[in-house]
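K.L.:
One structure follows; several queries about it will come next.
Protein chains in written order, with the numbering used here: chain P, 845 to 1257; chain R, 845 to 1257.
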């Protein structure tokens, strides 16, 4: 039961309706990739005339472009193909993770147009320095974006910790506590881009943004409710329910890496003991496999290589991590009943050895009996947890939701 | 980002708007308990004239009654006090649990007007017989309701298992598998009420309905996101997010009783091992305290009595159960970040001994650091998990959401 007490006025405001319908049409073209006016009208349920008028406005504002004639495949006149403009408003995503910074710019179509990744150990440096470095990388990515006629209208920081109100409340693996990340990043970015105005900066937990990237760009969008788990140095989780992120009362939901596996287990950086991260995080996996961490993903690549070669210790390490991961996942599935569990990050490449023990635990312990190893509900992420792209796309989602509000931000390309 | 593609038409349908506003006004009066037209207008944000017209219609249809003059406490003319009618459409709730059946009828104000509870061991009997018995109890409650001028317009069954599409897919503690509960109950009820038409019957997991009862009738409604855990023979859970139940992809969310505590622990009726229920369910608690289960709540009353008297074994049993419950809850809080954890059922009376170890585990293991034993986020349920009332109120919620649709169901009292 909805208990919303907001009254419905006798008519909705006309301007609001038109802006909403402009968004509707723009998103329909984006979703189709290439579309005719007739196709858009059929998809959104508005009249052909209404859609034509909305399309003209979107063409005039530069959000759409025309490609020439196309045939629908059915009888009738050919239509003009419409597509989302490849220039103009865009989104900047900046993932600051433990051992890398990854920056990307996406256009309104959701295409990853610029990508710049640097492997860095961010654990040793003070937060201000890490964020200044990230701003430097972002400034270079913005130059590339401008060369392509793209104008990012905002940036989202993807951060491996508890993020709330622009601040990283806690990021145990970075050793950060109460770091005003948005402010530090924005100030550094202004310093690196003389002549440019300030870019609005928002921030979000990286596991949440990785889950949104999977939702928006991952496997075909039939599954709208899933638990997304990213193996990295930490183990991040996010829950998507009906296509929306479940953020929790303070934005701290999804911390599956700190669900307890063994109450008397090894100490965790979070202050507790026996957290999942201590059994299925990257460090634990490499240690159990007898592989030295060597940075820049080399350790995980070596683990995959050894597992593929049948190295007993490597296979045993992944199997045991999978068993612990599966136990925690079975609890999460009993609590949340998602359509699917999606494993990303380092888990993606380890699926051949990881997924059997995970599936076994799920089918033994999920009470509904809906989880058997065969039913495809356990799957690898389409991408290895691309929080930077999710971060950038969160900005463009704002543009798509109300293009008129960003019409002034359009450059002529 | 909402990705809803439904277009906004140029104007909303007038009839729909009026029906929605009738609901708005009726719910405002219900929430206030007693209200003036001016008070309702201020609350819902419609004009005084619009509210008066809506109130007249609701009075005419018999959903509201007038009580005479009241003073607002501020300057101005006295208004007439309005209240929700105490007769007419009502809801029937039928909780079929492991060792009892509890039936209640609530009126539109949410008041529990009829309550009939029988302690029965439902484990021994075939499902059809259990549901026929429940229908017999329901028929007697309906007689009492009719005598009070109430006309239940539907029934909701509250069932301790995985409920989906009218069927209990699995209820391990009852030993039920794929039981068409709605159909069996509805057929029995018709047989017991010759001359009456069929009552629409729906069904839902009892832990979900207990959580809704807490949301609607429990402690002041400031907390709109909480995890509700009910200790019974099973341990039931439900998650309320922003005042809505999180049901999961198949309606099976909230099964916290089957989250694993110890992978090698005792066998559970669900087929897994070491589930929370095996450590913090009623049977485990009584066994650890050395108390014989004697039915009708006597065992739990005895446990409370002994704990209050300082019996070491009783206190140790509750403390240990609390520790295990706290571990599982810490994982759930890390995953879900609720505003509060609410403990109901048998846990409610055991809070003096249960809450310290639960709070200790939560503060040690919740990664956000937002859970300290003092901050009041762990609380006892206002009622001991009243699924029957939640079930009945789910029916009246439908009436409140669109009173016009139920105007024909009003009797003259």
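Ideal Cβ positions, reconstructed from N, Cα and C, are used throughout, including at glycine.
1) Taking C-beta to C-beta, are residue 1172(P) and residue 1100(P) nearer than 8 Å?
2) Would you say residue 1223(R) lies against chain P (beta-carbon separation less than 8 Å)?
3) Take the Cβ of residue 1183(P) as the centre, count every other Cβ of all protein chains shown within 10 Å, and call the residue buried at 16 or more, exposed below.
4) Please decide whether residue 1211(R) counts as near chain P, where near means a Cβ-Cβ distance under 8 Å.
5) State the Cα-Cα distance for the pair residue 1137(R) and residue 1143(R), rounded to the nearest angstrom.
6) Under the rule that 16 or more other beta-carbon atoms within 10 Å means buried, what is residue 1133(R), buried or exposed?
7) Between residue 1087(R) and residue 1059(R), which are expected to be in contact by the criterion C-beta below 8 Å, what is the C-beta distance as a whole number of angstroms?
8) Taking C-beta pairs closer than 7 Å, name the residues in chain R that residue 1096(P) reaches, listed in chain order.
9) Report, in whole angstroms, the separation of the C-beta atoms of residue 940(P) and residue 999(P), which I expect to be a contact under 8 Å.
10) Using 10 angstroms around the beta-carbon of residue 911(R), count the other beta-carbons present and answer buried if the total reaches 16, otherwise exposed.
11) Any beta carbon from chain P within less than 8 Å of residue 1114(R)'s own beta carbon?
12) Which word fits residue 973(R), buried or exposed, when buried means at least 16 other C-beta atoms lie within 10 angstroms of its C-beta?
13) Note down, in chain order, each residue of its chain lying with its Cβ closer than 8 Å to the Cβ of residue 908(R), except the 5 sequence neighbours on either side.
14) Between residue 942(P) and chain R, is the shortest Cβ-Cβ distance under 8 Å, so that the two count as touching?
15) Rounding to the nearest angstrom, what Cα-Cα distance links residue 1081(R) and residue 1006(R) in this structure?
16) What is the rounded straight-line gap between the Cα of residue 1257(R) and the Cα of residue 957(R)?
17) Are any of the Cβ atoms in chain R nearer than 8 Å to that of residue 1312(P)?
18) Measuring only the C-alpha atoms, how far is residue 863(P) from residue 1206(R)?
19) With a cut-off of 8 Å, does the C-beta of residue 882(R) fall near any C-beta of chain P?
20) If contacts are defined as beta-carbon pairs under 8 Å, then residue 1158(P) and residue 1147(P) qualify, I think. What distance do you get, rounded to the angstrom?
21) Is there at least one Cβ from chain R nearer than 8 Å to residue 1102(P)'s Cβ?
22) From the DSSP output, in three-state form, read off residue 1276(P) for me.
23) Below 8 Å between beta carbons is the criterion; list the residues of the segment 1069-1089 of chain P that meet it against any residue of chain R, in chain order.
24) If the criterion is Cβ atoms closer than 8 Å, does the pair residue 1057(R) and residue 1239(R) meet it?
25) Counting only Cβ pairs nearer than 8 Å, list the residues of chain R close to residue 1014(P).
26) Spatial neighbours of residue 1053(R) within its chain, please: C-beta separation below 6 Å, excluding the five flanking residues on both sides.
27) Grouping DSSP H, G and I as helix and E and B as strand, with all else coil, what is residue 1014(P)?
28) Examine chain R for any beta-carbon lying closer than 8 Å to the beta-carbon of residue 1099(P), and answer yes or no.
29) Determine the extent of the beta strand (DSSP E) in which residue 995(P) is found, giving its start and end residues.
30) Opposite residue 1070(R) in the DSSP bridges: which residues?
31) By the criterion of Cβ-Cβ separation under 7 Å, what are the contact partners of residue 1107(P) in chain R?
32) Quick check on DSSP: helix, strand or coil for residue 982(R)?
33) Who are residue 956(R)'s beta bridge partners in DSSP?
34) Report yes or no: is there a C-beta of chain P within less than 8 Å of the C-beta of residue 1092(R)?
35) What are the partner residues of residue 1217(R), as DSSP defines its beta bridges?
36) Mind checking who residue 1059(P) pairs with in its DSSP beta bridge?
P.N.:
So, from the data block:
1) The residue labelled residue 1172(P) in the question sits at position 328 within the first chain. The residue labelled residue 1100(P) in the question sits at position 256 within the first chain. Their beta carbons are under 8 Å apart, which means residue 1172(P) touches residue 1100(P) by this criterion.
2) Working through the second chain from its first residue, we reach residue 1223(R) at position 379. No, because no Cβ of chain P sits closer than 8 Å to the Cβ of residue 1223(R).
3) As a first step, residue 1183(P) is located in the first chain; it is residue number 339 there, counting from the start. Residue 1183(P) comes out buried.
4) Here residue 1211(R) is taken as the residue at index 367 of the second chain, counted from 1. Yes, because at least one Cβ of chain P sits closer than 8 Å to the Cβ of residue 1211(R).
5) Residue 1137(R) sits at position 293 when you count from the first residue of the second chain. Residue 1143(R) sits at position 299 when you count from the first residue of the second chain. Distance between the alpha carbons of residue 1137(R) and residue 1143(R): 5 Å.
6) If you number the second chain from 1, residue 1133(R) lands on position 289. The residue in question, residue 1133(R), is buried, as its Cβ has 16 or more Cβ neighbours within 10 Å.
7) Locating residue 1087(R) in the second chain gives position 243, where the first residue counts as 1. Locating residue 1059(R) in the second chain gives position 215, where the first residue counts as 1. Confirmed, Cβ separation roughly 6 Å.
8) As a working mapping, residue 1096(P) is identified with position 252 in the first chain. Per Cβ cutoff of 7 Å: 1181 and 1212.
9) Reading the first chain from its first residue, position 96 is the one you call residue 940(P). Reading the first chain from its first residue, position 155 is the one you call residue 999(P). That pair is no contact at about 12 Å.
10) Indexing the second chain from 1 puts residue 911(R) at position 67. That one is exposed.
11) Against the second chain, residue 1114(R) aligns to sequence position 270. Closer than 8 Å to some Cβ of chain P, the Cβ of residue 1114(R) qualifies, so yes.
12) Counting from one through the second chain, the residue named residue 973(R) turns up at place 129. Under this definition residue 973(R) is an exposed residue.
13) Indexing the second chain from 1 puts residue 908(R) at position 64. Excluding sequence neighbours, residue 908(R) sits near 870, 873, 899, 902, 926, 927, 928 and 929.
14) Within the first chain, numbered from 1, the residue matching residue 942(P) stands at position 98. No, because no Cβ of chain R sits closer than 8 Å to the Cβ of residue 942(P).
15) Start at 1 with the first residue of the second chain, and residue 1081(R) comes out as number 237. Start at 1 with the first residue of the second chain, and residue 1006(R) comes out as number 162. Using only the alpha carbons, I get a separation of about 12 Å.
16) Taking the second chain and counting its residues from 1, one reaches residue 1257(R) at position 413. Taking the second chain and counting its residues from 1, one reaches residue 957(R) at position 113. In this prediction, residue 1257(R) has a pLDDT of 36, which is less than 50 and means its spatial position is unreliable; nothing more can be read from the coordinates.
17) With chain P covering 845 to 1257 only, the question about residue 1312(P) has no answer from this structure.
18) Taking the first chain and counting its residues from 1, one reaches residue 863(P) at position 19. Taking the second chain and counting its residues from 1, one reaches residue 1206(R) at position 362. The alpha-carbon atoms of residue 863(P) and residue 1206(R) are separated by roughly 46 Å.
19) Locating residue 882(R) in the second chain gives position 38, where the first residue counts as 1. No, residue 882(R) does not count as interfacial toward chain P.
20) Taking the first residue of the first chain as 1, we reach residue 1158(P) at position 314. Taking the first residue of the first chain as 1, we reach residue 1147(P) at position 303. Sure, about 6 Å apart at Cβ, within 8 Å.
21) As a working mapping, residue 1102(P) is identified with position 258 in the first chain. Yes, residue 1102(P) lies at the interface with chain R (some Cβ there is under 8 Å from its Cβ).
22) The question about residue 1276(P) has no answer here: the residues shown for chain P are numbered 845 through 1257.
23) 1069, 1081, 1083, 1085, 1087 and 1088
24) Working through the second chain from its first residue, we reach residue 1057(R) at position 213. Working through the second chain from its first residue, we reach residue 1239(R) at position 395. No, the pair does not count as a contact, with Cβ atoms beyond the cut-off.
25) By one-based count along the first chain, residue 1014(P) stands at place 170. Residues of chain R passing the Cβ test: 1211, 1212 and 1213.
26) Here residue 1053(R) refers to the residue found at position 209 of the second chain. So the list reads 1002, 1231, 1234 and 1235, once near-sequence residues are dropped.
27) Taking the first residue of the first chain as 1, we reach residue 1014(P) at position 170. In the structure shown, residue 1014(P) sits in a strand (DSSP, three-state: E or B).
28) Numbered from 1 along the first chain, position 255 holds the residue referred to as residue 1099(P). True, the Cβ-Cβ gap to chain R drops below 8 Å.
29) Translated into positions along the first chain, residue 995(P) becomes position 151. That run of the beta strand (DSSP E) goes 994-1003.
30) The residue you call residue 1070(R) lines up with position 226 of the second chain. Answer is 1084(R) and 1184(R).
31) Within the first chain, numbered from 1, the residue matching residue 1107(P) stands at position 263. Going along chain R in sequence order, the residues near residue 1107(P) (Cβ under 7 Å) are 1171.
32) As a first step, residue 982(R) is located in the second chain; it is residue number 138 there, counting from the start. Residue 982(R): helix per DSSP, three-state reduction.
33) The sequence position of residue 956(R) within the second chain is 112, counting from 1. According to DSSP, which records beta bridges pairwise, residue 956(R) is partnered with 950(R).
34) Taking the first residue of the second chain as 1, we reach residue 1092(R) at position 248. It does: the Cβ of residue 1092(R) has a partner Cβ on chain P nearer than 8 Å.
35) By 1-based counting over the second chain, the position of residue 1217(R) is 373. Answer by DSSP bridge pairing: none, since residue 1217(R) is not bridged.
36) Numbered from its first residue, the first chain carries residue 1059(P) at position 215. DSSP output for residue 1059(P) lists no bridge partner at all.
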